[in-house]
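Residues 4 to 316 in this note's numbering are what the sequence shown lists, from first letter to last.
Just so it is clear, CB atoms sit at the ideal spot from N, CA and C, and this is done for glycine as well.
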Amino acid sequence: MFSASAPGKIILFGEHAVVYGRPAIAVPLTQLRATAVVTPSSRPGIRLIAPDLGQDVMLTDAPPDDPIAAVIRQVQTAVTLPTLPHMTITVSSQIPIASGLGSGAAITAAVVRALAEFLGLAHLATPAWVSALTYEVEKIHHGTPSGIDNTVVAYEMPVYFVRQQPQNHIEPFTVARPLHLLVADTGVRSSTKIAVGDVRRQWQEHPAKFEALFDGCGRIAQAARAAIETGDVAALGPLMQENHALLQEMTVSSPELDRLVTAAIAAGALGAKLSGAGRGGNMIALVTPATATAVHNALLTAGAKSVLATTLA
Ligand code: MEV
């Protein structure tokens, strides 16, 4: 039996603008993980089981857009094996899907790793390799991903990320003073592909306006990185507010997200913003140990379906 896992992710600053080459900051959400288990099988073929999704199919019968099937094809192409041994792949995930926490990328990264191990190719499965294959699968689902999600889940470390050619700029950074975050779920599922596509359409219609919005997000991400590295936690709150306002202008917030952001601030959070593609999914609030409980309760009262506390240290 070969098992591997990968974490969820939170984008702290710079989502959407990162697709257009502006810097963004993301961190792994290590408490929530996707896990893949590969077992050799005596039955012919490749069986895919995803209990969370109620799925149990043979690869040959899987729909053409099946996400796990796409991962298997990517790995098979990458390792240039004409046929794969018989096996069962079981995938489970604690990361809610379509909620801005990188569930798709985490599932892909976990399957890539577990498959590489099963095939006796664990030496290939460096973070860079896992990230690159995960990116290829993300492209199938999301069209034009920036590459930040696959990077964070494959490297499993906080990153300052800039999408660029010929190679993305991926820089780990240090966290001088712990950041206490609450991650609250609106319970509204939303498609990254649709949100990213809508931003693209608006950018095409109003290029100057959207370039300015993206520049604003990039400046905020740079300032936030400096604040995180110098331990200036107080400076991060207003930067989150500013970033949320720019995301509202890009039309990727939602009434549910705005309600949670407002409630968090009113209850004493230093700052709050949506995280990820938006239109639903999760928001994050920066708190102190002294304000954490009040903000947590306020988020639940304002309609959060769940609130998770995480510390970035
Ligand atoms: C999604 O987690 C983050 C977005 O910026 C899209 C991307 O970077 O590919 C919205």
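For residue i, which residues does DSSP report across the bridge?
i: M243; result: Bridge partners of M243: none, in fact.
i: E174; result: Y163
i: T189; result: None, per the DSSP bridge assignment.
i: A117; result: According to DSSP, A117 bridges with nothing at all.
i: K12; result: P31
i: H183; result: V290 and T314
i: T93; result: V40 and I52
i: A157; result: Paired residues: none, contrary to the question.
i: A7; result: A39
i: S309; result: D188
Any heavy atom of ligand 1 closer than 7 Å to the Cβ of residue i?
i: P148; result: yes
i: E252; result: no
i: V156; result: no
i: T195; result: yes
i: V191; result: no
i: I98; result: no
i: G103; result: yes
i: D59; result: no
i: E120; result: no
i: E18; result: yes
i: V199; result: yes
i: H145; result: yes
i: G11; result: no
i: G340; result: Residue 340 is absent from the model: the chain starts at 4 and stops at 316.
i: V115; result: no
i: I14; result: yes
i: A30; result: Per the sequence shown, the amino acid found at residue 30 is Val instead of Ala. No, the Cβ of V30 stays beyond 7 Å of every heavy atom of ligand 1.
i: I110; result: no
i: D152; result: yes
i: V22; result: yes
Classify residue i as buried or exposed, calling it buried when 16 or more other Cβ atoms lie within 10 Å of its own Cβ.
i: H183; result: buried
i: G240; result: buried
i: H172; result: exposed
i: H126; result: exposed
i: S45; result: exposed
i: G57; result: exposed
i: A72; result: buried
i: H209; result: exposed
i: K212; result: exposed
i: M61; result: exposed
i: L84; result: exposed
i: D152; result: buried
i: P181; result: exposed
i: A92; result: The displayed chain sequence assigns Ile, not Ala, to residue 92. Classification of I92: buried, given that the 10 Å Cβ count is 16 or more.
i: T296; result: exposed
i: P175; result: exposed
i: P47; result: exposed
i: A109; result: buried
i: I100; result: exposed
i: P70; result: buried
i: M4; result: exposed
i: D188; result: buried
i: Q77; result: buried
i: A307; result: buried
i: G154; result: Correcting the residue identity first, residue 154 is Thr in this sequence and not Gly. With 16 or more other Cβ atoms within 10 Å, it is buried.
i: P67; result: exposed
i: R204; result: exposed
i: T80; result: exposed
i: A128; result: buried
i: T111; result: buried
i: A1; result: The question about residue 1 has no answer here: the residues shown for the chain are numbered 4 through 316.
Nearest chain C C-beta to residue i closer than 8 Å, yes or no?
i: L62; result: This model lacks chain C altogether, as it is built from one protein chain only.
Report task. Spell out a yes or no on whether the region 188-205 and the region 236-254 are touching, meaning 3 or more CB-CB pairs, one atom from each, closer than 8 Å. Result -> yes
Query - beta strand (DSSP E) runs contained entirely in the region 208-295, provided each spans 3 or more residues - result: 274-278 and 285-290
Requested in this report: Tell me the start and end of each unbroken alpha helix (DSSP H) in the region 36-78 that is at least 4 residues and wholly inside, in chain order.
Outcome: none
Report task. Count the C-beta pairs between the region 23-32 and the region 111-129 that are closer than 8 Å, then say yes if the count reaches three, no if not. Result -> no
Report task. Would you check if there are 3 or more beta carbon pairs closer than 8 Å linking the region 212-231 to the region 30-40? Result -> no
Requested in this report: Pair every Cβ in the region 273-292 with every Cβ in the region 241-248, then say whether three or more of these pairs are closer than 8 Å.
Outcome: yes
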